[in-house]
Every structure is written in C-alpha cells, then in structure tokens.
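In the working numbering, the protein residues as written are 553 to 1249.
Note that the Cβ used here is the ideal one computed from N, Cα and C, for glycine as well.
The model shown is predicted, which means the values in this text are computed figures rather than measured ones.
What follows is a single structure, written as structure tokens, with notes after it.
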Amino acid sequence: MKQLLQENKLTLLYILIAYTFSVAMRFIWVYQFKDYAPFHFNGEFMINTNDGYYWAEGARDILAGFHQPNDGSPIESAPSLLTAFFAKYLPFKFETVIFYMPVFLSSLVVIPIILISKTLKNLEMGLIASLLAGIAWSYYNRTMAGYYDTDMLNIVLPMFLLWSIIWAVSTHKNIYLLITAVDILIYRWWYPQSYSLEVAFFGLILLYTLVFDRKNLFHYKLLAIMMFAMMNGDGYIRLVLVIVSFVLFSNKKFDKYVFYILGVSIFAFLITGGINPIWYQIKGYLFRESISEGSSALGLHFFTVMQTVREAGHISFETFANRISGNIITFVVSLIGYIYLVYRHKIMIFSLPLVGLGFVAYIGGLRFTVYAVPILAMGIAFLIVQVAQKMPTKKLQYLSAVTFTLLILLPNYFHIQGYKVPTVFNADEVKVLADLHKKTQREDYVIGWWDYGFPIRYYADVKTLADGAQHSGDRNFPISYILTKPQAQAVKMARLDVEYQERAFENNVSGTVIERMMKDYGFDDANDFLLTLETEIKLPKKTRDIYVYLPYRMLNIYPTVTLFSNLDLMTGEAKKRPFFYISRGFKDLGEKIVMGNGISLNKNNSTLSVGNKTVPIRRFVKTAYQADGKLRVQSQFISFAADLNVIYMSNYHTFLIVDEQTYNSTYMQLFVLENYDKSLYEKVIVTPSVKVYKLKI
Ligand code: MN
553 MKQLLQENKL TLLYILIAYT FSVAMRFIWV YQFKDYAPFH FNGEFMINTN
603 DGYYWAEGAR DILAGFHQPN DGSPIESAPS LLTAFFAKYL PFKFETVIFY
653 MPVFLSSLVV IPIILISKTL KNLEMGLIAS LLAGIAWSYY NRTMAGYYDT
703 DMLNIVLPMF LLWSIIWAVS THKNIYLLIT AVDILIYRWW YPQSYSLEVA
753 FFGLILLYTL VFDRKNLFHY KLLAIMMFAM MNGDGYIRLV LVIVSFVLFS
803 NKKFDKYVFY ILGVSIFAFL ITGGINPIWY QIKGYLFRES ISEGSSALGL
853 HFFTVMQTVR EAGHISFETF ANRISGNIIT FVVSLIGYIY LVYRHKIMIF
903 SLPLVGLGFV AYIGGLRFTV YAVPILAMGI AFLIVQVAQK MPTKKLQYLS
953 AVTFTLLILL PNYFHIQGYK VPTVFNADEV KVLADLHKKT QREDYVIGWW
1003 DYGFPIRYYA DVKTLADGAQ HSGDRNFPIS YILTKPQAQA VKMARLDVEY
1053 QERAFENNVS GTVIERMMKD YGFDDANDFL LTLETEIKLP KKTRDIYVYL
1103 PYRMLNIYPT VTLFSNLDLM TGEAKKRPFF YISRGFKDLG EKIVMGNGIS
1153 LNKNNSTLSV GNKTVPIRRF VKTAYQADGK LRVQSQFISF AADLNVIYMS
1203 NYHTFLIVDE QTYNSTYMQL FVLENYDKSL YEKVIVTPSV KVYKLKI
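Here it is as structure tokens:
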C-alpha cells in the first residue's frame, strides 16, 4: 500500500517535471520575440499558423453570439468551441488564449506517456521519453506557441487512447471500456480525420484477441464499445450507445449477449457508412494524381493548389529522422529501442498504428512524422534505462541516464532555439485589416489571394472568395484573373464572381462559378466568354461592396498567382509564362546595377543585360514615398518597341523587371504604382505594406 502510494506520488512528480519542461521550452520563442513589435497586435503576440485564424473566427463568433449566413465561420467546430470556452472562463484576453493554447494543451502528451510507462513498471522510461516527446522537432514545430491548430491535441488524444487500450487489455477493468470509448468520441469530435487511426487500433485489438485471448469476453466488449464510438453520425447518439453498452457490459447478467451486441455495433458501423472515410483517405493519399486534375462538367481544366503545395512532397531520410527524433543517430537508436521494447513488453504492440502513421510521412509528406514521435521516444528511453541498470553503482546509473537524456534532448533544444518562425501577418498588415473592419459591412467581400482569406475574415469580419480551405483551381481562377489582368476586366470578373458566389448560396446550383457565368451569358467556350470581359457587358445587380486586398508580400508569390488564370480553360494548357523578376539583393556598380541571375541594368544606354544578351527597356519607373506619406511615381518611356519594364521601388529596396502584360496587371498598377482607374476603383487604405481599393461598379 505504502509502495503504491509512493509510486503514485512519483508518477505525479514525473508528470509535473515533464509538463513544466515542455511548456518552458515553448517559451523560448516567446522570450526571443517579446520586444519585437511586428509580431504583436493589441498587446499580444499574433499566431503563426494561417489555419488558426479559421478556428479563431469561429470562436470569436461563438462569443459574439452571431455570424453571417454562409460566411464560412466554423462555429460548430471543436477547436472553436474549446477556444470560446477558455476565452470565456479564463481571465485572459482572446488573443492570449489562442496564442498559448498550443503550449499548454500539447504538453499534456507527457501524461499518457508516463501512465503507459507506469503499466510497464518503468516510470523512469516514462520520464525520459516524455521529456523528449514534448519537444521533439516535428512535435515542437506543430505545437509551438502560436501554432494554434488542431495539432495541439492531435497526438495527445490518440496517446490517451493508446494508454486506455493498454490499460484495458492488461487489467480487464470495465472502467477502461468507458474511457476508451469516450476518448474516441472526443478524438473524433476534435479531429474528424481521426478515423484511420481508430480503425487501425480496432483492427489490432481484434487481431490480438483472436491470436492471444480468444476466450476472454472482455475483449469483445471492448471491440463493441469502440465500434459504437467509431460509427458515423451524431456524437450524442454515439455517446448514448456507448453508455448503454457500458452499463450492459458492467453487469454479468448480460454477458451472454455480448456477441449479439458486438454484431449490432459492427452492423451500425457499416450501415452508417463507417468504412467510407477510410476508403476516401486511402484514395486521397495513394492516388493523388487522380484528384489533382480539377476538371468540371463542361470539361474545363483548372490549375490546382496541389501542384504548388510543398507539404505533399517527398522528404529525405535525414529530414524524416530529424523530425521524429531530432537527430539521425537518435532516430536509429530509437527504432532499435522500440523493437526491443515491443519484444520485452508485448502490450506495446498496440502502439504500431501510431508508428505506422508516422512512417507514412516517408511517402505521404512531412505532416505525419509527429505520430511516431512519442512512441519512438519511448523506444530510446527504454534503452537508456536498460543501459543505466547495467551500471555497477547507483551513482553511475544516475549519471549515465542523465547524460544520455541530455544527449537526446540537445539537438531538439538547438532546433527550437533556431526555429524563429514569423507570425502569419505583421502588425502593419493587421492594422490595415482592423481599420478595414471599421469601414466595411460584414456582408461585403474582400478579394485577396487564398493565403490571406482566414486572417482577412478574422480581423475584418467580411466575406472572402477563397481561403486556406477553399482554394480549388476553379475558385482560384477568377481571383488570379482579378489580380493579374488589367483593371477593366478585373472589376467585371470581381463583380461577377462575388454575385455568382452569393447566388450559389441562395439557390442550389451546380457547376463551377465560371461555368455558370458561361451558361448565363450563352457561351460554350471559356475563351470566348473571357474575351467578352474586355467589352461592355451587362453585369449582375450589385448587392454589396467589394474590396480588393493587395499586400506587398504578394509580390513574392505573384508568379504563382498568375499560374491559376494563365491557362486555356478548354484544354488545361498553360499559356506562355509572363516575365517577372524580383531583385532585392542588387548591387550598384556605378555603370550598371547587378541584380543577380545574370541580369543587370546598364545605366548608360538604359538597357538590360540578360545573360550575354542585351535587351531594350520599355519604361523605367521609380517609386518613392514622400514626406507626407504619398507615393511618388516617376516614369520614363524609353523604347516603344521593347516589352520589359524596370520598376525601382526605392523604399522597399526592390527592383522589378516585368513584361508589359504583368505591368498592366491590377496588382502592379494598384499596389506598386497606385495608378488606378478612378472610374472603377476608389482608394480605401493605402500603406506601404497593404493597399485596399473598393470597386465603384
Ligand atoms: Mn462573419
């Protein structure tokens, strides 16, 4: 009894140590940037993950008690609900809550690790493993301060699930039936994509039961209650089914019905389409090509974001190992340790789904590595404890354990110290959005590239056409068109896109926005339809105001933005790439300015050298902010025959070399030159970092 009490006290102590350590390491970033104004807004740090603004929008609207129909606010999502709950009952302001939630929630991962180790009678392994797991490279990256996204509980919840499965199988206590099922319910609520992992756990338990413990009724109870928790459908219905089956399973009288209940649960799982999401996921990951071509009913071909997203790419073994353990050697030893751990403690076989999913990263992309982090940390911690136990004296045991633990922590500490990720937006940009919020109605649209959709909606509370979740090729096409085509066409497309988007909410329509426009205007050929935008056409009735959001940071992705509309929609073929070159690291050598990549500007005869070719310049333009904050644009025409323009944005230390097509784009004209057509646009907010214009039509 006394020993048990001692053990519980030690467990608690280890949890406290590991938790505090994990939290403290996340304050390194906070400390590094505490005085850096561009990362702060409204007296608090801003978050550093784009998707976080989505959950923040939902939480903000939950607290406000209202939102606009079809504004995309996720007021029913678990992250938004939990955030609103914290923001309401904790004595901190909203910005503080969302910034620090990942710090305090993700660090909870140490608890299941230590509890599992307790079952294995190896608390020291638990302490060492949880110290590493809490701060290991990829886990840190996805749960650091400000990384406000589902990741903050995405490993914590399945680790608790693993813990309860291990305790259920090893103790056969009924209470773990309930805990396992409830954990699945919470995990699903938090992260609906949790399906595949749940199914993997289920399959493994089934296999374990059939191979090792076929006669034990408890396992079938566990499988049945998991099935009820995992089936599709309303969470409350599933909770009721879980509770009912728990009550039945807790009563010996009903033991003879266990197999019937299991049958019912499997039937319920299948009939509610429980298997479908798994199938979709497998299709999504394995046959990525088949969904990357965005085509439509009229046979239009759009460019897709998949082709530009880095995350989906392959990773090297070194990156893979670093992200799981912080270091290649640590990773390899961890893997050996893990195999040894499973060999010595068969029950650890239930951790296979997590390790397996983590290893999917090797083919499926970076984001999966986190799943393997805590389990492999247990692998190396197990070895460290084993080695320590071989030491002849207590002192040496302690010394070796501490030394090896420090060695595995160190690479991750260095990673954290060097991982100085910026916030999503800087303070200047957010000030513009907060200002815009005062000038707009909530039903107005702010058109910007999809990367800015969530933050725009969070700070300005308006509607957007695209965001981090809505960025299919057909959504991006009109936006890319608006930003990269001349002003006269762009405004028409903007009005069309907004009104057609709104109409789609009113009526149940099918087909992409472009297709519906083509149909209404009587075109079968997308190219013909787009040509009419250069003429006077009758536009839909204006129902609201439209703003265009043009940040300086978009200059870096301008070529990517063009890709989405610079193609023939009928064939999917890309058109000739417009010329766009940006130089910030240029050098003035007196006679010429060298801009890198073999490009230089010859001052004497106003020509460009590209490689060993000399080409004439059409215009030389210099922009500079004056003392009163107004932009002054000096333009010098040099050669009418030439196509390339040189723009020197003096305050930004930026040179642009763009062809005439790019020069005439709405983005270049409105952001870089502030040369807007006063019959089409109205200046709303112009700052060096963001310019916002309002449509006059
Ligand atoms: Mn809204």
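Contact test: residue i Cβ vs the ligand MN heavy atom, cutoff 7 Å
{"i": "Asp1013", "result": "yes"}
{"i": "His989", "result": "no"}
{"i": "Gln1053", "result": "no"}
{"i": "Ser625", "result": "yes"}
{"i": "Gln993", "result": "no"}
{"i": "Gln620", "result": "yes"}
Cβ neighbour criterion (16 or more within 10 Å) applied to residue i
{"i": "Gly825", "result": "exposed"}
{"i": "Phe956", "result": "buried"}
{"i": "Lys1235", "result": "exposed"}
{"i": "Ser802", "result": "exposed"}
{"i": "Gly1163", "result": "exposed"}
{"i": "Thr1214", "result": "buried"}
{"i": "His866", "result": "exposed"}
{"i": "Gln1221", "result": "buried"}
{"i": "Pro944", "result": "exposed"}
{"i": "Ser842", "result": "For Ser842, the pLDDT reaches just 40, beneath the cut-off of 50, and the residue's location in the model is therefore unreliable, although a value from the coordinates is still provided. Classification of Ser842: exposed, given that the 10 Å Cβ count is below 16."}
{"i": "Tyr788", "result": "exposed"}
{"i": "Gly686", "result": "buried"}
{"i": "Met553", "result": "exposed"}
{"i": "Pro710", "result": "buried"}
{"i": "Arg612", "result": "buried"}
{"i": "Lys1015", "result": "buried"}
{"i": "Gly1074", "result": "exposed"}
{"i": "Gln745", "result": "exposed"}
Length of the line joining the Cα atoms of residue i and residue j
{"i": "Leu556", "j": "Ile731", "result": "22 Å"}
{"i": "Ile795", "j": "Leu657", "result": "27 Å"}
{"i": "Trp607", "j": "Phe920", "result": "21 Å"}
{"i": "Glu609", "j": "Asp1019", "result": "12 Å"}
{"i": "Asp587", "j": "Arg1170", "result": "45 Å"}
{"i": "Pro974", "j": "Ala697", "result": "11 Å"}
{"i": "Gly846", "j": "Gly1025", "result": "Low local confidence applies: a pLDDT of 45 at Gly846 is under 50, so the model's placement there is unreliable, and no value is given."}
{"i": "Tyr699", "j": "Gln969", "result": "16 Å"}
{"i": "Pro654", "j": "Glu559", "result": "30 Å"}
{"i": "Pro1007", "j": "Asn602", "result": "7 Å"}
{"i": "Ile1098", "j": "Pro1030", "result": "14 Å"}
{"i": "Leu1208", "j": "Ile1249", "result": "31 Å"}
{"i": "Phe1037", "j": "Lys1246", "result": "In the sequence under discussion, the amino acid at residue 1037 is Lys, which differs from the Phe named in the question. So the alpha carbons of these two residues sit roughly 17 Å apart."}
{"i": "Leu769", "j": "His724", "result": "10 Å"}
{"i": "Leu749", "j": "Gly889", "result": "23 Å"}
{"i": "Glu1088", "j": "Trp1001", "result": "26 Å"}
{"i": "Ser952", "j": "Gly624", "result": "55 Å"}
{"i": "Gln1178", "j": "Gly1148", "result": "29 Å"}
{"i": "Gly1142", "j": "Phe585", "result": "39 Å"}
{"i": "His771", "j": "Tyr895", "result": "22 Å"}
{"i": "Phe638", "j": "Phe780", "result": "29 Å"}
{"i": "Phe651", "j": "Pro590", "result": "15 Å"}
{"i": "Lys898", "j": "Ile717", "result": "13 Å"}
Distance between beta carbons of residue j and residue i, contact taken as under 8 Å
{"i": "Ile680", "j": "Ile936", "result": "6 Å"}
{"i": "Gly931", "j": "Leu988", "result": "Actually they do not touch by this definition, with Cβ atoms about 51 Å apart."}
{"i": "Ile707", "j": "Val925", "result": "7 Å"}
{"i": "Val1100", "j": "Ile999", "result": "5 Å"}
{"i": "Arg514", "j": "Lys1094", "result": "There is simply no residue 514 to check, as the chain begins at 553 and stops at 1249 in what is shown."}
{"i": "Tyr1219", "j": "Tyr1104", "result": "In fact, because the Cβ distance is near 11 Å, the residues do not count as touching under 8 Å."}
{"i": "Pro905", "j": "Leu756", "result": "6 Å"}
{"i": "Ile665", "j": "Ser682", "result": "4 Å"}
{"i": "Ala776", "j": "Leu737", "result": "With a Cβ gap of about 15 Å, Ala776 and Leu737 do not count as contacting."}
{"i": "Val907", "j": "Ser1032", "result": "Rounded, the Cβ-Cβ distance is 41 Å, inconsistent with contact."}
{"i": "Asn1202", "j": "Ala1176", "result": "First, the amino acid is wrong: residue 1202 is Ser here, not Asn. At roughly 5 Å, the Cβ-Cβ gap stays under 8 Å, so Ser1202 and Ala1176 are in contact."}
{"i": "Leu1102", "j": "Lys1243", "result": "5 Å"}
{"i": "Ala933", "j": "Met677", "result": "4 Å"}
{"i": "Glu1226", "j": "Val1238", "result": "7 Å"}
beta-carbon residue i near the ligand FAD non-hydrogen atom, thresh 7 Å
{"i": "Leu615", "result": "Although the ligand FAD was asked about, the structure shown includes only the ligand MN as ligands."}
Residue-level contact to chain B via CB, residue i, 8 Å cutoff
{"i": "Ala630", "result": "Considering every chain present, this structure includes no chain B. It has just one protein chain."}
Alpha helix (DSSP H) segments (min. 4 residues) lying fully within the region 1061-1101
Correct list: 1065-1072, 1078-1084.
Which runs of the alpha helix (DSSP H) at least 4 residues long sit entirely within the region 674-716? Give them in chain order.
The region 674-716 contains these whole alpha helix (DSSP H) runs: 675-687, 689-695, 703-706.
In the region 756-806, which residue ranges form an unbroken alpha helix (DSSP H) of at least 4 residues, counting only runs that do not cross its ends?
Taken in chain order, the complete alpha helix (DSSP H) segments of 4 or more residues contained in the region 756-806 are 769-782, 787-801.
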